[in-house]
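Quick note on our numbering: the sequence shown kicks off at 7 and runs consecutively.
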Amino acid sequence: MIGLPVSKSLRRRLPFACALVFVCAIRALAQEPIGTLVRPGATVSLLKAWPEIAKAPKEKLATLEFLVRPDSAAIARPRSFIMTLSNQAGRDAAVLSVTLENGTVHGYVFGTALRAPRPLKPGRWTHVALTVNTKTINKQATLWIDGKRVSEELVLEHWPQSFEVAELLSDKWNLGRVFSGSIGDVRISNVVRYRKDFNPPSSLPRDDFCSFHLAGTRIPIQ
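Below, the structure is given as structure tokens:
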């Protein structure tokens, strides 16, 4: 009841309880991804940041992964591009891409479509990964959301000879399919990093398996 004296044992425990709450709060903040604000129409040219991507080095594109935090507008759009690698026409059979469609993550691997079962939540950080086993004739593509395998398909189309479009966040064809919100670390790897469910990371550090890397605090937005 209000006004009753606090026991000595409770007084002794209170500082420890407060310290525990403080430590948990600090850890929660430390685990939050760090990213860059993305306004509608922003773009990152991968052809400038990594010119070698134009030659379609399939052995270097085994894992595409991102930390993204779409805003409400991105979730509401019929389509928002996160990453696009394609020919000038952007035909599905020549596209390796990750998009949002009404907030739901889709992966496209040269005519093969992968789809998450439910939309992302606006304002919430999510780890998105697309893995492609490029060492087999019928390449196996897998879409991962926050460490969960959500879609898996065989890719039957041939790998293209080159990419004429290689961009993050933007709609090359000016049809309003832009991303907005925040983007964190971006990592492209020459190995299939994920083969079973895992704890989603809050950062994607550069390592020996990286083909390309962008830190969330240094996204070269144009």
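Ideal Cβ placement from N, Cα and C applies to all residues, glycine included. Keep in mind that this is a model prediction, so the values were computed, not measured.
- Counting of Cβ neighbours within 10 angstroms places ALA122 among the buried residues, the total reaching 16 or more.
- Taking a contact as a CB-CB distance under 8 Å, the pair VAL111 and VAL134 counts as one, their CB atoms being some 6 Å apart.
- With distances taken between CA atoms, LEU162 lies nearest to ALA119 out of LYS202, LEU175, ALA119.
- The DSSP-derived three-state label of ILE40 is coil.
- The beta carbon of GLU159 sits closer than 6 Å to the beta carbons of THR118, LEU120, ALA147 from its chain, once the five residues preceding and following it are set aside; these are given in chain order.
- Secondary structure of SER209 (DSSP, three-state): coil.
- If you draw a straight line from the Cα of THR137 to the Cα of TRP56, it is about 19 Å long.
- Sorting PRO46, PHE204, ILE40, PRO39 by C-alpha distance to the C-alpha of LEU174 places PRO46 at the top.
- Taking the C-beta atoms as reference points, ASP191 is found nearer than 7 Å to GLY222.
- Contact between the region 100 to 108 and the region 194 to 205 is absent: fewer than 3 CB-CB pairs across the two stretches fall below 8 Å.
- With respect to the 7 Å criterion, PHE169 and ALA68 are not classified as neighbours on the basis of their beta carbons.
- Linking ARG85 to VAL44 through their CA atoms gives a straight-line distance of about 16 Å.
- Just so you know, the alpha carbons of ARG224 and ARG83 end up roughly 26 Å apart.
- Here DSSP, grouped into helix, strand and coil, assigns LYS64 to helix.
- Cβ-Cβ distances below 8 Å link THR49 to GLU173, LEU174, LEU175, SER176, ILE227, GLN228 in the same chain, with the five nearest sequence neighbours on each side left out; the list follows chain order.
- DSSP places ALA119 inside the beta strand (DSSP E), whose first and last residues are 118 to 121.
- Apart from the 5 residues on each side of it in sequence, LYS66 sits with its Cβ closer than 6 Å to the Cβ of ASN196, SER217 in its chain, given in chain order.
- DSSP lists no beta-bridge partner residue for ARG130.
- GLY182 and ALA79 have their C-alpha atoms some 12 Å from each other.
- Residue burial annotation: ALA100 is buried, with at least 16 other C-beta atoms found within 10 angstroms of its C-beta.
- Where ILE189 is concerned, there is no enclosing alpha helix (DSSP H), although the beta strand (DSSP E) around it starts and stops at 187 to 195.
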